[in-house]
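Numbering (my numbering), first residue to last: 1356 to 1734.
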């Protein structure tokens, strides 16, 4: 009847009734959501294999992991991923790990036992894409030892969902004609997402597939809904105290470390990522509602902070209370062609602990070593 939704919308509704988390049970995997405010962070637990994988958005902290991931791939795997057995210079690694999440998206799976990448999936906006019809290129790669476990399916499903939330209309995949596994995977994920697929070009050894996504961006509504499940406010003493730096959880990290306080408080310092949207919203809301000693509202200047971290011309750190999964502080740096901006904010109940000092030190270190200066426009 005329009032019925189109077939692709029906497929989307039916498929989304079973979440990507629930579908992993068929692979003998239990998905644990241990971060209350996360959209993407999960642990994939394969009990029979004794394997635990952390799934999260990619950040500049993954430079070394991405390099080792590439080196761990066979020549054939590199050929499938990059359309040839190429090298991966530092500039290329930076391009892969320093992501502008307002345009692009990348998600990784990290083996908890080795702290090494098991797989990665991403989409990247097409340069000449029209605002009214955003096109992005999608890709996924999983190391051979982690294949046939549903990991590629899970990561690529996350990419399709992130693309739809961001308003991407069409995902494009260039797949070698001999790469049957990738072709089947994309088709399977597209069907689940209710996307219409079409082969638009066959050039020599590769085929170009388009996946037209159903629905529109609902990221703000989704963020609001998930934000209802927020941990209770944690009261932390503001008495200055010493802390220990613990880097044992992420030995391959360039930036990620824990501050461990005698009180039992553990604060994780790491680069921000696309999964911090709800945490940042909660943090700014709390800061705005907090009154200073004079009784005036302290506005945390939310317009200074970006909606999504952009590591192409800036850097952003977050400090997270591991117990409550809420932000204790945030540091942001952006370098323009003529000036630079830096902002460091710490929640009132975490002040006086030295967290601000750590954030300032780290953001200045990143600004001096990891943030490229944008090229001046010739216009």
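We treat Cβ as the ideally placed atom computed from N, Cα and C, and that holds for glycine. Fair warning: this is a prediction, and the values are worked out from it, not measured in the lab.
Assignment of residue 1444 by DSSP, reduced to helix, strand and coil, places it in the coil class.
Here residue 1415 is buried, its C-beta having at least 16 other C-beta atoms within 10 Å.
Counting only unbroken stretches of 4 or more residues, the alpha helix (DSSP H) elements lying wholly within the stretch 1483 to 1556 are 1506 to 1520, 1535 to 1548, in sequence order. Residue 1378: not part of any beta strand (DSSP E); DSSP gives it neither H nor E. Annotation: residue 1723 is outside any beta strand (DSSP E); the continuous alpha helix (DSSP H) that includes it extends over 1710 to 1724. Selection 1507, 1568, 1515 evaluated against residue 1540 yields 1507 as nearest (Cα-Cα).
In the three-state reduction of the DSSP assignment, residue 1407 falls in the strand class. If you look at residue 1599, you'll find it in the beta strand (DSSP E) that goes 1599 to 1601.
Taking residue 1677 as reference, the option from 1453, 1701, 1391 with the minimal CA-CA separation is 1391.
When only Cα atoms are considered, residue 1377 and residue 1517 end up about 18 Å apart. Judged by DSSP in its simplified three-state form, residue 1606 adopts coil rather than helix or strand.
Burial check for residue 1718: the Cβ neighbour count within 10 Å reaches 16 or more, so the residue is buried. In terms of Cβ geometry, residue 1398 and residue 1409 form a close pair [threshold 8 Å].
Boundaries of the alpha helix (DSSP H) around residue 1424: 1418 to 1427. Inter-residue distance for residue 1611 and residue 1557 is about 43 Å (C-alpha atoms, whole angstroms). Judged by their CB atoms, residue 1498 and residue 1473 are nearer to each other than the 8 Å cut-off. Residue 1512 holds the alpha-carbon nearest to the alpha-carbon of residue 1547 among 1599, 1628, 1512, 1604.
Less than 8 Å separates the beta-carbon of residue 1523 from that of residue 1568. Taking residue 1696 as the centre and dropping the five residues before and after it, the same chain places the C-beta of 1689 closer than 6 Å to its C-beta, in chain order.
Where residue 1625 is concerned, the enclosing beta strand (DSSP E) starts and stops at 1621 to 1626. In this structure, the alpha-carbon of residue 1631 lies about 7 Å from that of residue 1393.
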